[in-house]
Amino acid sequence: MSAILGYALGPIDPPLYQQITETFPAQYLSDWGIREAGATTDAVVANGLQTDVQPWTTLLVTPYLTGQISLSEALTLLKDRWPMLRIAVLAGEDHEALRPFIAKLAAYQIYNILVADNFTFNDLTSLVTTDWPWERIKPFLTVSPADDPPQLTTLPPRIHDHHQPYQASQAIALISGKGGVGKTGLVANLAWASAPWGGFAIDADLTKPSLAWYFRDPGTAWSPDLRELVGRIPELQEWHDSDMEWRVTPRHKQLIRDFLTQCPTITNGVQVMVGWSRTQPVLSMLPPALIAEMIRQAKLLKPIVWVDLPADVYQPFWVDVLRAVDKIVLVTSPDAMTVYETMDVLKKLDVLQIPRSLVTVWVNFGGRGELTPTDIVRRYLHVPLAGTTAYDAKMWHTALTRHQLPAQQHPKIWQNAVRQLTGWDPPRQTVGRQSFWPKIKLFSTPRGVK
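If you're matching positions, the sequence shown starts at 1 in UniProt numbering and goes up one per residue.
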């Protein structure tokens, strides 16, 4: 197996990002694999610990990588788990705030720290492919030439930021066999309730997107919306005009990531990626790979990603999206015809070889139809019941017209639903960690990689 470079660079300048993730591997690491390790420290730790095999040969990071876990804590956790993992840090120019960071990494025998805001591809190659000695970072610490590296016994005791195991992000798609079963309202409530975990909701209905209506009036403009992302990727127009398959490049990933980070945040901190505005012409069909990549990038940003898929199972991107998510919730109402439609969707999932172990059922508007939730799962669908929602016409009318979600009125009930679907307890409330040198301009573009 070839060596693998994992990278987690944070929000660095796009030209530099492209140089490091595209130009550099193509010219200097042609025999290496390259993959993104995460967009936050939390994601990197989760991706690094939730595996039985060391995920990368080298992990390349910058100080712009932030999250609930401090950067030094994240790197030392990974070094504890994978002693043979080479951790490489592009640290920027030398300054006082850098010294304790280097000292802590040195105590874990992490010496590959490039302290410079002007470097070459050869410098970068050396950083990620060779093990640097202690002497490379001595000049940046207040030690004499004869001193040995700092030891763990000289550091303060480690204080862990989390009270539960680090967990990889989850993407959960909600699908249905027909419209009108309350799927989008369910997504809106689950997204709202997932705020303590960190939630992101994606409206993937390209025909009639309506997730935004649960948070703002239909005529209210959202910025950015999906149409703006399409405008940022010129190659999409070329794809429309040809029969070629559209492939996602590292530059596309960065553009998608930048777009997602700019998506609107509702009052409790959950982000929402809305579809095109219905006051504009219908959005043209998009390549299936684009929607699937949006989900992957959202997972790098938030622990829980909710995906509202259209009821049309023949949408070209439908299959790609379902293969990009971790769990699938079939939403049905308790009337017989809707349950039959849901059975057809389940058969299509079987044809696509999507494991039934990923699929659960949610019965919306329970008590209104002729079938009970128990009948639906035992006699017809034969998959686990994830939850039910009672029928309350006034409550759902208020949710849609006044933007007052049931999850706002009954947060514990809906947080229990999130817990049921994800298998996670809500994390403790912690203050997000910021980069410890936020004012430094890392790698000024004119003098960056040469």
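The beta carbon of each residue, even a glycine, is placed where N, CA and C say it ideally should be.
| Asked | Found |
| --- | --- |
| If you draw a straight line from the alpha carbon of Q18 to that of L346, how long is it in whole angstroms? | 41 Å |
| Buried or exposed: K450, going by 16 or more other Cβ atoms within 10 Å of its Cβ? | The predicted model places K450 with a pLDDT of 46, which falls under 50 and marks its position as unreliable, so this point remains unresolved. |
| From the DSSP output, read off the bridge partner residues of R257. | None; R257 has no bridge partner. |
| Once DSSP output is grouped into helix, strand and coil, what is the label at A173? | strand |
| Compute the Euclidean distance between the alpha carbons of I113 and I137, then round it to the nearest angstrom. | 7 Å |
| Can you list, in chain order, the stretches of the alpha helix (DSSP H) that have 4 or more residues and sit fully within the region 75-109? | 98-107 |
| First and last residue of the beta strand (DSSP E) that includes G67? | That residue, G67, is in no beta strand (DSSP E); it is neither H nor E in DSSP. |
| Taking contact to mean 3 or more Cβ pairs, one atom from each stretch, closer than 8 Å, check whether the region 304-311 and the region 359-368 are in contact. | no |
| If you check the beta carbons only, do T21 and P250 fall under 7 Å apart? | yes |
| Compute the Euclidean distance between the alpha carbons of L98 and V45, then round it to the nearest angstrom. | 22 Å |
| Output the distance between the C-alpha atoms of V274 and F119, rounded to the nearest integer angstrom. | 40 Å |
| Flag L301 as yes if its beta-carbon sits less than 7 Å from any beta-carbon of chain B, otherwise no. | The chain labelled as chain B is not found in the depicted structure, where only one protein chain is given. |
| Run through DSSP, which three-state label would R368 get? | coil |
| Is the CB-CB distance between V339 and I291 below 7 Å? | no |
| Which two residues bound the contiguous alpha helix (DSSP H) that contains Q271? | That residue, Q271, is in no alpha helix (DSSP H); its beta strand (DSSP E) goes 271-273. |
| Taking C-beta to C-beta, are L5 and W32 nearer than 7 Å? | yes |
| For V329, which beta-bridge partners are listed by DSSP? | L174, T360 |
| Just the C-alpha distance for Y28 and W414, rounded to the nearest angstrom, thanks. | 50 Å |
| Whose C-alpha, out of A390, K79, I110, A116, is nearest the C-alpha of E93? | A116 |
| Excluding sequence positions up to five away, which residues of its chain have a Cβ less than 8 Å from the Cβ of N268? | W192, A195 |
| Following the continuous beta strand (DSSP E) through V61, name the residue where it begins and the one where it ends. | 58-61 |
| The alpha helix (DSSP H) spanning V339 covers which residue range? | 336-351 |
| So F24 packs on L124, CB below 8 Å; how close in whole Å? | 6 Å |
| Counting only the same chain and skipping the five closest in sequence on each side, list residues whose C-beta sits under 6 Å from that of A43. | L300 |
| In this structure, does DSSP put T265 in helix, strand or coil? | strand |
| Using C-beta distances below 7 Å, list every residue in its chain close to P11, excluding the 5 sequence neighbours before and after it, in chain order. | Y64 |
| For M395, I'd like the list of residues in its chain whose CB is within less than 7 Å of its CB, leaving aside the five on either flank, ordered along the chain. | P406 |
| Within the same chain, show all residues whose beta-carbon is closer than 7 Å to that of A417, passing over the 5 residues directly before and after it, in chain order. | L190, A193, G387 |
| Measure from the alpha carbon of V329 to the alpha carbon of each residue in V53, N47, R356, T51, then state which is nearest. | R356 |
| What three-state label does DSSP hand W318 in the structure shown? | helix |
| Where do the N-terminal and C-terminal ends of the alpha helix (DSSP H) with Y28 fall, by residue? | 24-28 |
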